[in-house]
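Enquirer: The opening position of the sequence shown corresponds to residue 188 in our numbering, with each subsequent residue numbered one higher. We put the CB at the ideal spot given by N, CA and C, even for glycine. Please read these numbers as outputs of a predicted model, since none were measured by experiment. Take this structure first; my questions come after.
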Amino acid sequence: MQNNIPDPNKVFPNEYGTTCFIKNVVKAPNIIIGDYTYYDDDTDPAGFEKNNVLFNYPEFGDRLIIGKFCAIASGTKFIMGPANHRLSSVTTYPFNVFGGAWVERTPDHLLQLPFKGDTVIGNDVWIGRESVIMPGVKIGDGAIVAACSVVTRDVGPYSVVGGNPAGFIKKRFDDELTGLLLELKWWDFSPEDLAGFLPVLCETDLEKVKEILKKRLGK
């Protein structure tokens, strides 16, 4: 079966040419992306790092971490910490970046910025078209972000959020199924095991899925 399993190390994994497995094109040391996570764009899917991760200065210290099997739609933007301005003084204006007498009289620009920490996207997350993910946000496994959303706060696993700012819409599943999926961690299966398990992952009878997961987990 191995020869028929899609290769996570391909840049363009299918015939459409708009879908890119982005772990294979990102170079910044502070951007970490899991296998099979793709960005889809009909203009420049391989330009994800340049076009979609904004204000990324690795020396600032924050990271963008995206799990496996995520689907990232066209136009999604990840805003990194250096996009912020100083908030602790009476002005937010970044005098320091313009040089001359201003740089001599002001602290280093990056050292003044609020640090929000890493931006972390879980596994099997679907982010809709033209969404914006703000610095330091954590999005849990299996979550869905509706198109054109601005995500300013953490999103729980298997939740659906949307809007500006993005708010909670609903849970995808009941707590039992969500718990089973989080325990299962199917995204960590071996390629062969995952291929054999795909009918379960695509099954729409969720009660049947629960029973299969319980059996597999020994419950």
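Residue 279: buried (16+ other C-beta within 10 angstroms of its C-beta) or exposed?
Expert: Counted from its first residue, the sequence shown places residue 279 at position 92. So residue 279 counts as exposed.
Enquirer: In the structure shown, what three-state DSSP assignment does residue 209 receive?
Expert: As a working note, residue 209 is residue 22 in the sequence shown. Residue 209 falls in the helix class under three-state DSSP.
Enquirer: Does the Cβ of residue 389 have 16 or more other Cβ atoms within 10 Å, making it buried, or fewer, making it exposed?
Expert: Mapped onto the sequence shown, residue 389 falls at position 202. It counts as exposed.
Enquirer: Can you give me the Cβ contacts of residue 293 inside the same chain, cut-off strictly under 7 Å, excluding the 5 residues immediately before and after it?
Expert: Numbered from 1 along the sequence shown, position 106 holds the residue referred to as residue 293. Result list for residue 293: 282, 283, in chain order.
Enquirer: Give me the DSSP bridge partner(s) of residue 357.
Expert: Taking the sequence shown and counting its residues from 1, one reaches residue 357 at position 170. DSSP lists 347 as partners of residue 357.
Enquirer: Going by DSSP in three states, residue 375 sits in which element: helix, strand or coil?
Expert: Residue numbering aside, residue 375 sits at position 188 when the sequence shown is read from its first letter. Correct three-state label for residue 375: helix.
Enquirer: Terminal residues of the continuous alpha helix (DSSP H) containing residue 290?
Expert: Indexing the sequence shown from 1 puts residue 290 at position 103. From DSSP, the alpha helix (DSSP H) with residue 290 extends over 287-291.
Enquirer: Is DSSP giving residue 381 helix, strand or coil here?
Expert: One-based indexing of the sequence shown puts residue 381 at position 194. Helix, per DSSP.
Enquirer: Give me the Cα-Cα distance between residue 336 and residue 316, rounded to the nearest whole angstrom.
Expert: The count along the sequence shown starts at 1 and reaches residue 336 at position 149. The count along the sequence shown starts at 1 and reaches residue 316 at position 129. Approximately 8 Å, taken between the alpha carbons.
Enquirer: Relative to the alpha-carbon of residue 334, which residue among 321, 345, 314 has its alpha-carbon at the smallest distance?
Expert: Translated into positions along the sequence shown, residue 334 becomes position 147. Looking at the Cα atoms, 314 is the closest of the given residues.
Enquirer: Based on Cα-Cα distance, which residue from 256, 288, 269, 237 lies nearest to residue 376?
Expert: Position 189 of the sequence shown, counting from 1, holds the residue named residue 376. Of 256, 288, 269, 237, the residue nearest in Cα terms is 256.
Enquirer: Give the secondary structure of residue 188 by DSSP, where H, G and I count as helix, E and B as strand, and everything else as coil.
Expert: By 1-based counting over the sequence shown, the position of residue 188 is 1. Any answer about residue 188 is weak, because its pLDDT of 45 lies below 50 and its placement is not dependable; what the coordinates show is given next. Here residue 188 sits in coil by DSSP.
Enquirer: With 16 other CB atoms within 10 Å as the buried threshold, where does residue 202 fall?
Expert: Taking the sequence shown and counting its residues from 1, one reaches residue 202 at position 15. By the 10 Å Cβ count, residue 202 comes out exposed.
Enquirer: Taking the alpha-carbon positions, what's the residue 309 to residue 339 distance?
Expert: For the purposes of this step, residue 309 is identified with residue 122 of the sequence shown, where counting begins at 1. For the purposes of this step, residue 339 is identified with residue 152 of the sequence shown, where counting begins at 1. Between residue 309 and residue 339, the C-alpha separation is close to 16 Å.
Enquirer: Would you mind sorting residue 230 into buried or exposed? The rule is 16 or more other CB atoms within 10 Å of its CB.
Expert: The residue you call residue 230 lines up with position 43 of the sequence shown. Residue 230 is exposed by the Cβ-count criterion.
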